[in-house]
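A.B. asks: Questions regarding the structure given below will be posed in turn.
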Amino acid sequence: MRREPAPTLFDLPPGITDAMCRQLTVIEASMPIGCTRARNGWFGTAGRVGLRDAPLLTHQGLARVSYRGRNPRLLITAKGRREISERTAP
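Taken in order, the sequence shown gives residues 13 to 102; the numbers are from our numbering.
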């Protein structure tokens, strides 16, 4: 019996889920500093973004990693801000 391989990052659907939207709001609330890379994820002043969630956000262009300064930081992009505003608008 062969198992099906796990879906890769590029096989995932391009839509944004509710969990991804929650992660984006954490990154946006942590601005202008963003979320700093730590041992078990990305930590900001507003909360934490998981290690497995950050690649999904960066792959879809909703967030980016900035390597300026001493530590890498996860920052929200303009596309990510648009997605949040579209979901929260009445």
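C-beta: ideal position from N, C-alpha, C; glycine also.
Nearest to P44 by alpha carbon, out of E98, R99, S78 and K91?
C.D. replies: That would be S78, whose Cα lies nearest to the Cα of P44.
A.B. asks: Can you find the residues in the same chain that come closer than 6 Å, C-beta to C-beta, to A58, ignoring five residues on each side of it along the sequence?
C.D. replies: Answer for A58: V38, A41 and S42, listed in chain order.
A.B. asks: With DSSP as the reference, please indicate the residues paired to I88 in a beta bridge.
C.D. replies: According to DSSP, I88 bridges with A75.
A.B. asks: What are the partner residues of T70, as DSSP defines its beta bridges?
C.D. replies: The partner list for T70 (beta bridge, DSSP) is empty, contrary to what the question assumes.
A.B. asks: Less than 7 Å between the C-beta atoms of L36 and G92, yes or no?
C.D. replies: Yes, the pair counts as a contact, with Cβ atoms nearer than the cut-off.
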